[in-house]
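Quick note on numbering: the working numbering labels position 203 of the sequence shown as 528, and the sequence is numbered without any gaps. Heads up, the thing below is written out as structure tokens.
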Amino acid sequence: MRDRIALFRRPTAALVAGILIILAYAPYGFSIIQIISVAFLFHLIINATSTRQAFFIGWAYGTGWMTAGVYWLYISMHQFGGLNQAMAITALFALGLFMGLLPALAVTLAMIIRRRFGASDFLMALLILPSALSLAEWTRGWLFTGFPWVVLGYAHTDNALSGFAPVIGVYGITLLATVLAGSALILFNRKQPRRNTVFLIALAIIAGGYGLKFVHWTTPVDTPIKVRLLQGNIPQEMKFSPDQVRKTLAIYEEMITASPADLIVTPETAIPQYLHTLSPEWYKKIEKYAVDNHTTLAIGIPLADSMRHYTNSLVAVSPDTDKPHHINYRYDKQHLVPFGEFVPFGFRWFVNLMQIPLGDFARGPDVQQPFRVKNQWVLPNICYEDIFGEEIAHQIRAAIKAGSPEPGMMLNLSNIAWFGDSLALPQHLQISRMRSLEMQRPMLRATNTGVTAIIDARGNVQGQLPNYRFATLETELTGMNGMTPYIRFGNHPAIIACLILFFGGATLAHRGHTTRPGYRKNPLAGKNDWEELL
Numbered sequence: 326m327r328d329r330i331a332l333f334r335r336p337t338a339a340l341v342a343g344i345l346i347i348l349a350y351a352p353y354g355f356s357i358i359q360i361i362s363v364a365f366l367f368h369l370i371i372n373a374t375s376t377r378q379a380f381f382i383g384w385a386y387g388t389g390w391m392t393a394g395v396y397w398l399y400i401s402m403h404q405f406g407g408l409n410q411a412m413a414i415t416a417l418f419a420l421g422l423f424m425g426l427l428p429a430l431a432v433t434l435a436m437i438i439r440r441r442f443g444a445s446d447f448l449m450a451l452l453i454l455p456s457a458l459s460l461a462e463w464t465r466g467w468l469f470t471g472f473p474w475v476v477l478g479y480a481h482t483d484n485a486l487s488g489f490a491p492v493i494g495v496y497g498i499t500l501l502a503t504v505l506a507g508s509a510l511i512l513f514n515r516k517q518p519r520r521n522t523v524f525l526i527a528l529a530i531i532a533g534g535y536g537l538k539f540v541h542w543t544t545p546v547d548t549p550i551k552v553r554l555l556q557g558n559i560p561q562e563m564k565f566s567p568d569q570v571r572k573t574l575a576i577y578e579e580m581i582t583a584s585p586a587d588l589i590v591t592p593e594t595a596i597p598q599y600l601h602t603l604s605p606e607w608y609k610k611i612e613k614y615a616v617d618n619h620t621t622l623a624i625g626i627p628l629a630d631s632m633r634h635y636t637n638s639l640v641a642v643s644p645d646t647d648k649p650h651h652i653n654y655r656y657d658k659q660h661l662v663p664f665g666e667f668v669p670f671g672f673r674w675f676v677n678l679m680q681i682p683l684g685d686f687a688r689g690p691d692v693q694q695p696f697r698v699k700n701q702w703v704l705p706n707i708c709y710e711d712i713f714g715e716e717i718a719h720q721i722r723a724a725i726k727a728g729s730p731e732p733g734m735m736l737n738l739s740n741i742a743w744f745g746d747s748l749a750l751p752q753h754l755q756i757s758r759m760r761s762l763e764m765q766r767p768m769l770r771a772t773n774t775g776v777t778a779i780i781d782a783r784g785n786v787q788g789q790l791p792n793y794r795f796a797t798l799e800t801e802l803t804g805m806n807g808m809t810p811y812i813r814f815g816n817h818p819a820i821i822a823c824l825i826l827f828f829g830g831a832t833l834a835h836r837g838h839t840t841r842p843g844y845r846k847n848p849l850a851g852k853n854d855w856e857e858l859l
């Protein structure tokens with residue numbers, strides 16, 4: 326009995342540590358908890374007695390971290406999707422188990438190196454484990470279209486590490502955060518002979534981040550524009566009913582025409598019907614308002630180009646064009662949400678269980694031009710597209726290299742009312758702040774129920790509406806031009822750094838192992854680790 330309890334003690338502790346890591350993200354912001362949590366994970370892995378135990382420790386940690394991080398998916402599946410509680414909880418836990426496999430595989434690979442080459446605690450904590458876990462985080466950002474929510478780096482938008490955002494992005498910050506976690510583990514071990522060196526490394530990282538906060542990679546563009554962001558607060562459960570659609574059109578007509586601005590923005594799919602089915606009278610009213618007041622309207626609306634070609638889009642109604650209906654711009658969402666905007670292969674049965682109006686939308690082009698508002702150029706993204714920083718950086722970089730108009734500010738249209746008044750809202754705001762830090766450009770966020778906000782080029786929230794309120798947010802904003810290192814190089818420096826640390830740590834472990842007297846008799850290297858794991 327005691328052996329069985331001991332067998333589950335470490336994975337259980339890892340599960341709890343993984344759950345607690347959520348306190349490091351918005352709205353709590355206790356980033357030190359993340360450092361402690363990851364350091365504890367490293368401690369458990371370094372002291373694991375087998376590769377198999379390391380795998381299950383990592384899996385338990387990852388499952389707790391991912392399940393707690395995206396618990397709000399339960400609200401979408403149960404409250405709006407009609408799944409019963411048991412089915413929704415099962416689906417959420419299954420997703421957590423699946424997402425938890427990546428950190429599990431990362432620490433398992435690190436453990437194999439330890440057992441094969443006798444890697445020291447120092448190499449494991451400072452090089453091998455941080456780089457392996459960071460590579461797993463990067464992989465989560467693109468595998469199966471990617472779902473990089475609660476990436477480790479997002480917890481550091483308000484501390485010294487945020488200074489590295491315009492240089493190496495969120496995955497580079499992830500690597501530095503895990504190195505700091507490994508450093509903390511070494512510093513608390515008085516038997517470690519290199520504590521002074523590790524302290525200097527940690528101090529250099531923190532000081533470097535603070536120093537980079539004072540570097541300006543971009544410069545202001547011309548004069549500011551006046552912006553109004555609309556938060557209609559339309560109940561999600563009623564959004565698509567015919568009666569509510571009529572009310573929604575009246576609400577947004579009232580909000581749009583309330584007062585003039587250079588740019589007025591609605592949330593994602595604020596108009597819950599296809600453009601070609603809109604009432605001509607409604608459209609003519611807002612078109613006339615745009616022309617009379619020299620206003621550009623950015624409207625979230627689905628478009629239908631044919632019977633089977635639907636897009637989640639933004640259209641700009643501009644006063645200075647001779648095109649029909651004064652629509653001179655269209656942006657189509659290109660990074661679609663699995664289960665929400667397209668059905669992954671083999672999961673039609675699951676989608677059929679839910680009562681959500683899901684559909685197979687078409688993807689927009691990878692690179693789309695910004696739209697002009699007076700002297701400023703605005704690059705939009707829709708919903709969770711802004712969690713993919715490398716894609717936004719690619720669009721800005723492509724525009725600059727092609728000699729096209731350079732986007733000076735970013736615009737996010739979202740409707741995350743699907744997830745209720747949950748942690749999804751402040752977490753998404755924190756992600757948008759990271760994008761502003763990486764690009765050193767302001768971000769405008771127009772949402773249905775929250776968080777509607779204005780973020781400056783330094784990642785600071787300049788204005789924010791209360792969640793679940795019918796309200797408008799107004800500001801004057803200036804765009805920024807220039808290329809941060811992150812825009813220029815994307816995630817490549819962070820990935821290269823991870824690979825250097827990982828293979829460097831493995832090489833140093835191997836050299837130390839082969840030069841050690843009697844190394845062939847090393848008890849850590851006698852068994853086939855893959856066979857043991859399986």
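All residues carry an ideal CB built from backbone N, CA and C; glycine is no exception.
{"Check": "With a cut-off of 8 angstroms, do at least 3 Cβ pairs link the region 424-435 to the region 802-811?", "Outcome": "no"}
{"Check": "Whose CA, out of Pro-560, Ala-595, Gln-410, Ala-586, lies closest to the CA of Lys-699?", "Outcome": "Ala-586"}
{"Check": "Any idea what DSSP makes of Thr-464, helix, strand or coil?", "Outcome": "helix"}
{"Check": "Between Pro-818 and the rest of its own chain, which residues show a CB-CB distance below 7 angstroms, the 5 nearest in sequence each way excluded?", "Outcome": "Ile-493, Gly-497"}
{"Check": "Given that a residue counts as buried once 16 or more other Cβ atoms are within 10 Å of its Cβ, and exposed if not, what is Arg-439?", "Outcome": "buried"}
{"Check": "Would you kindly work out how many angstroms separate the C-alpha atoms of Ser-631 and Leu-500, rounded to a whole number?", "Outcome": "46 angstroms"}
{"Check": "May I ask which residues mark the beginning and end of the beta strand (DSSP E) holding Trp-702?", "Outcome": "701-707"}
{"Check": "Taking only runs of the beta strand (DSSP E) that begin and end inside the region 557-603, which ones reach a length of at least 3 residues, in chain order?", "Outcome": "588-590"}
{"Check": "What does the alpha-carbon distance come out to for the pair Gln-556 and Ala-595?", "Outcome": "9 angstroms"}
{"Check": "Should Pro-491 go down as buried or exposed, given a rule of 16 or more other Cβ atoms within 10 Å for buried?", "Outcome": "buried"}
{"Check": "Tell me which same chain residues have a C-beta within less than 6 angstroms of the C-beta of Leu-284, skipping the five on either side of it?", "Outcome": "As shown, the chain starts at 326 and ends at 859. That puts residue 284 outside it, with no answer to give."}
{"Check": "Is it true that the region 707-724 meets the region 739-751, where meeting means three or more beta-carbon pairs spaced less than 8 angstroms apart?", "Outcome": "yes"}
{"Check": "So Arg-625 is in the beta strand (DSSP E); what residue range does that whole segment cover?", "Outcome": "Residue identity differs from the one stated: residue 625 is Gly in this sequence, not Arg. Residues 621-631."}
{"Check": "Exposed or buried, Lys-846, counting other C-beta atoms within 10 Å across all chains shown (16 or more means buried)?", "Outcome": "Any answer about Lys-846 is weak, because its pLDDT of 43 lies below 50 and its placement is not dependable; what the coordinates show is given next. The residue is exposed, with fewer than 16 neighbouring Cβ atoms inside 10 Å."}
{"Check": "Helix, strand or coil, according to DSSP, for His-634 in the structure here?", "Outcome": "strand"}
{"Check": "Would you kindly work out how many angstroms separate the C-alpha atoms of Leu-859 and Arg-377, rounded to a whole number?", "Outcome": "Model confidence at Leu-859 stands at a pLDDT of 49, short of 50, so the residue's coordinates are unreliable; what they give is reported in the following sentence. For Leu-859 and Arg-377, the distance between alpha carbons rounds to 8 angstroms."}
{"Check": "Taking three-plus beta-carbon pairs below 8 angstroms as touching, is the region 808-824 in contact with the region 421-430?", "Outcome": "no"}
{"Check": "Touching or not, the region 463-473 and the region 398-416, by the rule of three or more beta carbon pairs under 8 angstroms?", "Outcome": "no"}
{"Check": "Identify the continuous alpha helix (DSSP H) that holds Leu-736 and give its terminal residues.", "Outcome": "Per DSSP, Leu-736 belongs to no alpha helix (DSSP H); it is in the beta strand (DSSP E), 734-739."}
{"Check": "Assign Thr-415 to buried or exposed, taking buried as 16 or more other Cβ atoms, counted over all protein chains shown, within 10 Å of its Cβ.", "Outcome": "exposed"}
{"Check": "Where does Leu-408 fall in DSSP's three states?", "Outcome": "coil"}
{"Check": "Taking the beta carbon of Tyr-402 as the centre, do at least 16 other beta carbons fall within 10 Å, making it buried, or is it exposed?", "Outcome": "Just to set this straight, residue 402 is Met in the shown sequence, not Tyr. It is buried - the Cβ of Met-402 has at least 16 other Cβ atoms within 10 Å."}
{"Check": "Tell me, please, which residues DSSP counts as bridged to Glu-715.", "Outcome": "Partner(s): none; Glu-715 has no beta bridge."}
{"Check": "Between Ala-379 and Ala-373, which are expected to be in contact by the criterion C-beta below 8 angstroms, what is the C-beta distance as a whole number of angstroms?", "Outcome": "4 angstroms"}
{"Check": "From Thr-573 to Trp-467, what distance separates their C-alpha atoms?", "Outcome": "36 angstroms"}
{"Check": "Pairs of beta-carbons, one from the region 709-728 and one from the region 753-761, closer than 8 angstroms: are there three or more?", "Outcome": "yes"}
{"Check": "Drop a sphere of 10 angstroms on the beta-carbon of Glu-562, count the other beta-carbons inside from all chains shown, and report buried for 16 or more, exposed for fewer.", "Outcome": "exposed"}
{"Check": "I need the DSSP call for Ala-771, collapsed to helix, strand or coil.", "Outcome": "strand"}
{"Check": "What residues are listed by DSSP as bridge partners for Glu-606?", "Outcome": "DSSP output for Glu-606 lists no bridge partner at all."}
{"Check": "Would you check if the distance between the CB atom of Trp-359 and the CB atom of Ile-370 is smaller than 8 angstroms?", "Outcome": "Sequence inspection shows Gln at residue 359; the Trp mentioned does not correspond to that position. No, Cβ-Cβ distance for Gln-359 and Ile-370 is not below 8 angstroms."}
{"Check": "Pull up the DSSP beta-bridge partners for Thr-797, would you.", "Outcome": "Leu-555"}
{"Check": "Rounding to the nearest angstrom, what Cα-Cα distance links Gly-830 and Gly-534 in this structure?", "Outcome": "24 angstroms"}
{"Check": "For Met-679, which of helix, strand or coil comes out of DSSP?", "Outcome": "coil"}
{"Check": "To which residues of the same chain is Pro-644 closer than 6 angstroms at the C-beta, ignoring the five residues directly before and after it?", "Outcome": "Ala-615, Val-616, His-619"}
{"Check": "According to DSSP, is Pro-791 helix, strand or coil?", "Outcome": "coil"}
{"Check": "Can you list, in chain order, the residues of its chain whose CB lies under 7 angstroms from that of Leu-448, leaving out five sequence neighbours each side?", "Outcome": "Gly-830, Leu-833, Ala-834"}
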